[in-house]
Amino acid sequence: HELAQCESSGNPRAINPMDGGSPSYGCLQFKKSTFLSQIERFGLLREAEAHERENFLMDCEVQRVLARKMLTTDVNGWKHWTNCFKAIDKPDQCVVE
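Quick note on my numbering: the sequence shown kicks off at 277 and runs consecutively.
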């Protein structure tokens, strides 16, 4: 919850229109391209057709599941949320619950 609080104040409908030049979405502020590529990488949302997966972009629970996978399988996974991990002073710990 700390990461979502930092990224979006816990708002699952948050949109940052110019986050590094392109929008970020949802409670964990995923870029659309990152969300879709990582969903594919981890085989999540298999029940949805590829073109339907974007519909889950604003789903906070899906974002949390995805973030947990990214953070627990890649030692540098936290770098997707560099500013917030530095702000909460836990760049090496998974704080997505």
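Even for Gly, the Cβ is constructed at its ideal location relative to N, Cα and C.
- Serine 285 carries a coil assignment under DSSP once its states are collapsed to helix, strand and coil.
- Take the alpha-carbon of proline 293 and the one of tyrosine 301: they are about 8 Å apart.
- Our two residues, lysine 355 and alanine 343, have alpha carbons roughly 11 Å apart in a direct line.
- According to the DSSP assignment, asparagine 292 belongs to the beta strand (DSSP E) that extends over 291–295.
- Contact annotation: glutamate 283 and leucine 312 have beta-carbon atoms that are not nearer than 8 Å.
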